[in-house]
Amino acid sequence: MKKIILIVFILSYGSAMAQDDLLKMLDNESTGPLYATATFKSTRVINGQSVETIAKKHLDFRISHRFGALNSGFSNLWGLDESRIRIGLEYGVTDRLMIGAGRSSYQKTYDYFAKYKLLRQSNRWFEPVSIAVFAGAYTNTMPTAPDMKFYNNLERQMYVGQLLIARKFNDRVSLQLSPTFLHRNKTESQIDENDVFGTGIGGRFKLSKRTSFNAEYFYTVKKIGTAYVRDPQYKDCLSLGFDIETGGHVFQLHLSNSRGMIENQFIGATTGSWGKGDIFYGFNISRVFSFDRDAKKTHK
């Protein structure tokens with residue numbers, strides 16, 4: 033009986049010591065930086081880029097659809113008879129650097145881009161936000177036409193640069209600012225400026241574990257004195273939608289006054305007006321594939 037009591041005492045003492053060691057380890061770990069994760073659930077807020085990047089050795093296959101205007105009536109099934117599509121691939125070179133390419137059916141445009149995360153938000157005072165830089169290029173491959181004549185391939189090129197600054201305030205709320213510069217070598221409108229200056233404002237409100245409400249607005253400068261005046265037909269882009277996460281997929285359902293899916297379209301060439309019912313339904317589907325063998329082994 034005494035031996036049994038002694039064994040129980042030794043086991044209890046060993047268990048208590050192990051728990052103390054574990055608590056010390058947790059305390060030591062908690063002194064290090066704690067980084068914010070999932071500021072946004074996708075690399076896009078809605079149309080625009082988010083501060084998120086694809087994980088290293090992961091491939092994101094994306095399909096985007098934009099339908100016609102809701103005010104087009106029953107004969108057009110409120111826009112569902114019309115469709116624009118973009119198919120893209122995005123790859124995580126490192127956990128901070130991603131590259132991507134895609135093709136949009138509108139103007140048969142090819143896009144290529146890179147995004148690099150400069151800073152990750154943490155609990156340290158000098159890292160209050162996450163910051164990423166985004167650079168993209170676009171090529172219009174439509175045949176030359178009377179209303180849009182291309183005299184050389186250089187005129188088909190467009191470029192964009194963005195600074196993405198985001199903060200996750202708590203488990204539910206994230207906000208982002210996206211100062212933007214867009215340049216078009218040739219514009220669709222003869223009275224429009226080649227350069228576009230603007231700022232995107234985006235936000236995410238988490239509704240449940242797998243669902244969130246997103247909003248996004250891109251303000252663009254319309255006039256600077258008499259030297260810079262944009263074509264008045266172009267409007268600012270406002271989009272509202274929901275993110276739904278299911279396993280390796282992220283579905284984004286939204287309404288917007290732009291049918292564009294890439295920056296030169298929804299920042300520089302939005303003509304729809306919410307007040308006039310020029311609202312377009314659209315969705316993005318994202319499917320991520322992992323090529324990281326080491327990560328797969330650790331999960332077995």
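This note's numbering numbers the first residue of the sequence shown as 33 and each following residue consecutively. Backbone N, C-alpha and C fix where the C-beta goes; we use that ideal spot for every residue, glycine too.
Neighbour-count burial assignment, residue i, 16 or more Cβ in a 10 Å radius
i: I294; result: buried
i: A68; result: buried
i: M174; result: exposed
i: T75; result: buried
i: S107; result: exposed
i: S240; result: exposed
i: F323; result: exposed
Straight-line gap, residue i to residue j (C-alpha atoms, nearest Å)
i: E220; j: N246; result: 30 Å
i: S137; j: S96; result: 11 Å
i: V30; j: V83; result: Here the chain covers residues 33 to 332 and nothing more, so residue 30 does not appear.
i: A164; j: F99; result: 30 Å
i: F93; j: Q284; result: 14 Å
i: H215; j: K89; result: 32 Å
i: A101; j: P264; result: 20 Å
i: V161; j: E122; result: 24 Å
i: T231; j: C269; result: 11 Å
i: G111; j: L151; result: 41 Å
Option in the options with minimal Cα separation from residue i
i: V228; options: F298, S162, Y183 and S288; result: F298
i: N185; options: G193, P178, Y170 and G273; result: Y170
i: L91; options: D113, F250, G124 and A146; result: G124
i: L195; options: Y260, Q81 and Y183; result: Q81
i: K218; options: A198, I233, R188 and T243; result: R188
i: G273; options: G280, H286 and S240; result: H286
i: T71; options: N202, E159, Y260 and F250; result: N202
Residue i (DSSP reduced to helix, strand or coil)
i: G307; result: helix
i: Y138; result: helix
i: E114; result: coil
i: L55; result: Any reading at L55 needs caution, since the residue's pLDDT is 40, under 50, leaving its predicted position unreliable; the model's value is listed next. In the structure shown, L55 sits in a helix (DSSP, three-state: H, G or I).
i: S104; result: helix
i: Q297; result: helix
i: D227; result: strand
i: D179; result: coil
i: E122; result: strand
i: D326; result: helix
8 Å contact criterion, which residue i and residue j should meet: CB distance rounded
i: R236; j: S210; result: No, R236 and S210 are not in contact; Cβ-Cβ is about 14 Å, not under 8 Å.
i: Q222; j: N172; result: That belief does not hold up - the Cβ atoms of Q222 and N172 are roughly 16 Å apart, past 8 Å.
i: K255; j: T302; result: Actually they do not touch by this definition, with Cβ atoms about 17 Å apart.
beta-carbon residue i near the ligand PLP non-hydrogen atom, thresh 7 Å
i: K200; result: Inclusion of the ligand PLP in the displayed structure is not the case, the ligand content being empty and no account of it being possible.
Residue-chain proximity (residue i, chain C), Cβ-Cβ < 8 Å
i: L129; result: No chain C appears in the structure shown, which is made up of a single protein chain.
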